[in-house]
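Counting in my numbering, the sequence shown tops out at residue 977, every number present.
Just so you know, even glycine gets a beta-carbon here, dropped at the ideal spot from N, CA and C.
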Amino acid sequence: MLLHHYRFVPDESLLNLEAFRAELAGSRSPVAPFKEALSRIQTRLDERFRAGADIRDLVYGRAWCVDQLLEIAWQLHDWSDDGIALLAVGGYGRGELHPHSDIDLMVLLKGDDDTPYRESLTAFITLLWDIGLEIGHSVRSLDDCEREAESDITVITNLVETRTLVGPETLRDAMLERLSTDRLWPAKDFFEAKWQEQIARHRRFNNSEYHLEPNIKSSPGGLRDIQMIGWVAKRHFGPLRYEEVVDKGFMNDAELRILSQGQAFLWQVRYALHMLTGRAEDRLQFDHQRAIAKLFGYRDTPERLAVEQFMKRYYRHVTALAGLNDMLLQHFDEVILRGGEALTIKPLNDRFEVKGGYIQARHPHIFRETPAALLELFLLMAQHPEIDGVRASTIRLIRDHRHLIDDLFRDDLRHQGLFLELLRSGGNVPRQLQRMNRYGVLGKYLPEFGQAVGLMQHDLFHIYTVDAHTLRLLAFVQCFRRPEGREKFQVASVLVHQLPKLELLWIAGLYHDIGKGRGGNHSLLGAVDARDFCERHGLSPQDTRLVTWLVENHLLMSKVSQKRDITDPEVIRDFASQMRDEISLDYLFVLTVADINATNPSLWNSWRASLLRQLHAETKRALRRGLDNPLDRDDWISETRAEALALLSNLGAEQARIERLWHTLGDDYFLQYTASEIAWQTQGILAHQNSAPGSTLPLVLINAPTDDMAEGGVKIFIHTRSVDDLFAATAAALDELGLSIHDARIATSSNDWTLNTFIVLDQWGQVIRDRERLEEIRHHLVEELDDPDDYPRIVTRHTPRQLKHFKVATRVAIEQDPANERTMLELIAPDRPGLLARVGRIFMEQDIALSAAKIATLGERVEDVFFITLKNGRPLTDPEHQERLRQQLIEVLSV
């Protein structure tokens, strides 16, 4: 399909045919002149690309140059008659060639016997390879074309996109006659096959345009989606010029402009990829993104990196193209292929009706006459879940009239009421907001949301644009409301049904990240926007305060659960004091769980779920007791001891032996662990003492969540003689096993025996439940930790490719935790294999004792918190010692 308002004019400044023929005639071999000509052509094209030439001139220009060279190369050989022709196929058949695109050729024969041409064909193909052309070629007779096209949709797709380069045009005409819709693949069958092909392709990319490293050809909204539109139109209408595409009613002029501009942008990106990599590359990897952003003239600003600005433009284009592809193909199916079918029509009101399960406007002027219908349509779909979607003709009307949503529209009380009614409808609100975003309505009604469309953060943690992440968050909340969400999100699925006003959560979700990309604290900026929305839409002061508070504090619960010691009563008391009440806590919990899941699928695991559940439960308990009547430290210890002792007594343990053991453990032990954990560890230690009196072999206990437990992690308890390098050794041993540490509690008894617990998951963030695997882990740890002189080496596995493209500055923050007489060290560093083992070695060298650790891997970086003391148990308060520790961590971990 031709680009909008464009005609390619052959440019002989790229290839002087007369000079080339003279050069070829004076050469002993044709190879050198051809190679030099191709090199000159590409050099000139690249120079023009860097100078900002029209990408269409370059892509079509290279194809024209190759056409001329192939024709000359063909004429160097002897073809005995007119029963053979050379055709360009596929993308080259459309006249498009990027710097390293394959040059797909087909030799078309009138008859089945290729014997007369074999010698010349072999010499011709060999020459093409010798001169450096990346060709793909086939030799087919007319009968072959018909037979293969009949059985394979890919073959006929390629064959209808052909051009005759050399030879009689009548051969191609004869082929196209045999492939005509009245003989093979009628337009309806062709369309359905290609649509299924596209559905399968989109599924491979999770049906999303938003990928960290997208494929500009095959991802949704990529070049293949544009080609899909062209294939369908061409199969039904035949070869078209742009005026005819519009005249046929397949698309309007504005849509063709979107298509053409999107194609031109993607061509620019693809050309740059080929030029920079020196190969046919369609994957927009991180290093390529940065290089292309620089090439395209983007520069870093205080608010956004150059690469983020470039990728925002990319995502906006592919989002528009994906939506256009959906609408045009649906329109083609409804109006052109199935327009004559009788469909049931059900009126909804004076403005809308449902036809064949899809809502449509009852007349084409509805949005111009009643602009409120631009919101009413989505409210009706929320109120009528049986509606499958929007008719393509109405989608087109929405797109054509969304400009009506201006300041006057947004300030109209009727329109504000409609939007609130949608949020309060009780239906699948996220689905309707997704549709509003897809059709460009949501960003018009909420301009602050529109600014976030296509906004990407260049890291491995945030894998979606801000708008896509926001709508995914809302979709997760909707998932909590459905029965299928109960198994994976047990607490959230209960709480979401107890929230008094679900619309407040929809609003908080919409605004929680809306302040990103502006510089400054996005939570505070978003809270201001959220307050403005609530006040503009007439929410009560109480509801406005709750929504604003949720947006401002949407990261709080995640940070506390992942970075603070939530077994510490002071931490719980401090967090509870920041909650407004139990209802606010419940809202925040549901928002937090949805936010984590919508940020990156790899972030949510059973251990993170258990931390949030524990924080929620302990905070609710503190709120119910009253912040003026907290459970103090001594009461907490007493209650835990009593409960653990009761559990052990039921198991037949001797109370005297229990008390002797507990006497060596110290009071802090009963703050760090639950009663059931203490009973499990105590029983294991006593049994180990009975089975091997006086043994110095490590005791390793492993406890994994049962099959019916959705939350938690594998707990590894290590009881052995305390030595300096034990944490580093344990971290290295676990790393050797391919396990990731998510939490560590390090304690030592008064007689120098460790009470170390590690929470681990496998390398994919999953709980290990296989008993043989758990026993293998236990055996490996016992063997590795039984001799202090034989600790495992620090793992030096290959660093994954993606991590290499991110430069994370190592940062170390040290502050005091006076309530627990210890020091808190927060470490932000690039994620690398063996990192925790290296940290442990540094602690040993600096005479630092570790009491607990909270481990969080966030994409390309780690954000770990370590609770440390000196070897004498005192906090690290000496500024010089702090600086030595900080500098060593930065020096070792920045490599």
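- In this structure F799 is in contact with L783, their Cβ atoms being roughly 4 Å apart against a cut-off of 8 Å.
- Rounded to whole angstroms, the separation of the alpha carbons of E423 and F414 is 14 Å.
- Going by beta carbons, A826 and F840 fall inside the 8 Å limit.
- Taking the C-beta atoms as reference points, T547 is found no nearer than 8 Å to L556.
- By the Cβ neighbour-count rule, V91 is exposed, with fewer than 16 other Cβ atoms within 10 Å of its own.
- For the pair F368 and D650, the Cα-to-Cα distance works out to about 41 Å.
- Ranking V675, A269, P384, L456 by CA distance to the CA of S692 puts V675 first.
- The straight-line gap separating the alpha-carbon atoms of L366 and Q391 is approximately 15 Å.
- Look at N679 here: in three-state DSSP terms it is helix.
- For V535, no beta strand (DSSP E) segment is defined, and its DSSP state is neither H nor E.
- Within its own chain, the residues whose Cβ lies closer than 8 Å to the Cβ of H551, once the five positions on either side in sequence are excluded, are H544, D595, A680, T681, listed in chain order.
- Counting every other CB atom within 10 Å of its CB across the protein chains shown gives I427 a total below 16, marking it as exposed.
- The beta carbon of T892 is closer than 8 Å to those of L909, I910, A911, P912, L971, I972, L975, S976 in its chain, skipping five residues each way along the sequence.
- Judged by DSSP in its simplified three-state form, F571 adopts coil rather than helix or strand.
- Judged by DSSP in its simplified three-state form, Q848 adopts coil rather than helix or strand.
- When C-beta atoms of the region 599 to 613 are compared with those of the region 463 to 474, fewer than three pairs fall below 8 Å, so the two segments do not count as touching.
- Per DSSP, reduced to three states, the secondary structure at R229 is helical.
- P296 carries a coil assignment under DSSP once its states are collapsed to helix, strand and coil.
- Assignment of beta-bridge partners to S223 by DSSP yields L191.
- If you compare the alpha carbons of L592, L586, G608 with that of G620, the shortest gap goes to L586.
- Taking 4 residues as the shortest admissible run, the region 376 to 453 contains the following complete alpha helix (DSSP H) segments, listed from N- to C-terminal end: 388 to 413, 448 to 451.
- Inter-residue distance for L215 and I937 is about 52 Å (C-alpha atoms, whole angstroms).
- In this structure, D868 and L781 do not form a Cβ contact; the two beta carbons are roughly 11 Å apart against a cut-off of 8 Å.
- A direct Cα-Cα distance of roughly 51 Å separates L637 from T125.
- Taking a cut-off of 8 Å on C-beta distances, the region 287 to 307 touches the region 348 to 355, as three or more cross pairs fall below it.
- Per DSSP, the continuous alpha helix (DSSP H) segment holding Q498 begins and ends at 495 to 505.
- Just measuring C-alpha positions, the residue of L500, S622, S659 sitting nearest M639 is S659.
- Residue pairing by DSSP puts G471 in a beta bridge opposite Y440.
- Residue environment: N240 is assigned as buried (16 or more neighbouring CB atoms within 10 Å of its CB, all protein chains considered).
- According to the DSSP assignment, M906 belongs to the beta strand (DSSP E) that extends over 904 to 912.
- Listed in chain order, the non-local C-beta contacts of A315 below 7 Å within the same chain comprise M83, L322, V327, F332, local neighbours out to five positions each way being set aside.
- Measuring C-alpha to C-alpha distances from I950 to each of S666, Y521, G922 identifies G922 as the nearest.
- Under the DSSP definition of a beta bridge, I123 lacks any partner.
- Per DSSP, reduced to three states, the secondary structure at N732 is helical.
- Note on geometry: alpha-carbon atoms of D163 and W156 lie some 14 Å from one another.
- By the CB criterion at 8 Å, L705 and E664 fall inside the cutoff.
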